[in-house]
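Data block below; observations after.
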Amino acid sequence: MPFDIESKFVIAVASSALFDLTESDRVFKDNGEEAYRTYQREKENDILSPGVAFPLIKRLLKINTPEDQLVEVILLSRNDPDTGLRVLKSIEHYELGISRAAFVTGNNPFKYMDSFNASLFLSGNPKDVKEAVEHGYPAGCIYPSDYVDDNEDNEIRLAFDFDGIIADDSAESIFQSGALENFHFHEKELASQPLPAGPLMRFFTEISKLQQREIQKNHSNPEYKSRIRLAIATARNAPAHERVITTLRKLDIRVDEAFFLGGIEKIRVLSVFRPHIFFDDQVGHIEGVARTFPSVHVPFGVVNK
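Numbering (numbering that gives the first Met the number 0), first residue to last: 0 to 304.
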């Protein structure tokens, strides 16, 4: 009987997001493909250090139980199977529940996302991510971080920008025109109309479904603590806040925390929320957070033209 991938919450992750490949990338850039292949064979039993997406992936996979396998993580790699063996051995070493992979030998692997029903592709390669987003795939580029994971912390905290991430950039385009009062007037006029879907709408919806299952477990067993917390951190403020709430209501999605910041730096609230991943479409916002917390740039819309 075929494996029912359609019923799973699926994330696709490149080895560059899951592990620290700084040294491997240096060998490839400085010495070329053959030297890289030799290096990876010589080092294939040397375990790679965790990368920026590792804390998130580890926590999501812990949601699975022997009776209920909800989360599937797929490795999508530019490597060929030979050079990718070191990554697979590192996955085994950390006892991550990742058993499925695609190796595409130098090509961009995003075109296999639909094959695996993936709602998100995380990579450390900005060119791969940009191409994926241009083709309409939900993808994000992991930024380097100094984040140190707390293994005693069992929560999974995800923070999202709103425009250009959950919603499209139709309102953002008006904001970028330069007249803040026009933006506020426009959003107040359309406050009762939900915004169209953005690039990570499906991922946001799917992670919300996981959160609802966690909440139901808590209702059935009050001693069980729901592990998933969702936050929105947006530069919007009143009166533009209402359209965010309208959109969430239409989706029937609960967020645990929402920050309408009106230009206040996002790191000020995210340093309290402490996300295991933060998604934003603007590089300037990512750079203010990434060194402290795992952050993902989604190169979507008018601000990335």
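Note that the Cβ used here is the ideal one computed from N, Cα and C, for glycine as well. Just so we're clear, the structure is a prediction, and the values are computed from it rather than from any experiment.
The stretch 238-250 makes no contact with the stretch 110-124; the number of CB pairs closer than 8 angstroms stays below 3. Listed as beta-bridge partners of aspartate 279 by DSSP are His296. One thing to note: serine 207 has its Cβ no nearer than 7 angstroms to the Cβ of threonine 245. Along the stretch 162-217, the alpha helix (DSSP H) occurs as fully enclosed runs of 4 or more residues at 169-175 and 179-188, listed in sequence order. About 15 angstroms separates the beta carbons of leucine 47 and arginine 77, which is beyond the 8 angstroms limit, so they are not a contact pair. In the assembly as shown, proline 65 is an exposed residue. Its beta-carbon has fewer than 16 other beta-carbons within 10 Å. In the DSSP assignment, leucine 121 falls within the beta strand (DSSP E) that extends over 120-122. Apart from the 5 residues on each side of it in sequence, leucine 250 sits with its Cβ closer than 7 angstroms to the Cβ of Thr204 in its chain, given in chain order. Arginine 25 counts as exposed, since fewer than 16 other beta carbons sit within 10 angstroms of its beta carbon. Look at the beta carbons and you see the stretch 222-236 touching the stretch 248-263: at least three pairs across the two are nearer than 8 angstroms.
Going by beta carbons, leucine 199 and proline 137 fall inside the 7 angstroms limit. For secondary structure counted as the alpha helix (DSSP H) over 4 or more consecutive residues, the stretch 79-144 holds these complete runs in sequence order: 84-92 and 125-133. Straight across, the Cα-Cα distance linking glycine 105 with leucine 189 is about 46 angstroms.
The stretch 283-300 makes contact with the stretch 155-166; the number of CB pairs closer than 8 angstroms reaches 3 or more. Taking C-alpha positions only, isoleucine 164 is separated from aspartate 279 by approximately 7 angstroms. With contacts defined as CB atoms closer than 7 angstroms, isoleucine 56 and phenylalanine 115 fail to qualify as a contacting pair. Under the three-state reduction of DSSP, arginine 40 is assigned to helix.
In this structure, Phe174 is the residue among Asp19, Phe174 and Glu22 with its C-alpha nearest to the C-alpha of valine 302. Here the alpha carbons of aspartate 127 and tyrosine 38 stand approximately 23 angstroms from one another. In the displayed model, leucine 269 falls within a helix according to three-state DSSP. In this structure, alanine 11 places its C-beta atom within 7 angstroms of the C-beta atom of leucine 75.
Cβ contact annotation for arginine 99 (same chain, cutoff 6 angstroms, sequence separation greater than five): Ile73, in chain order.
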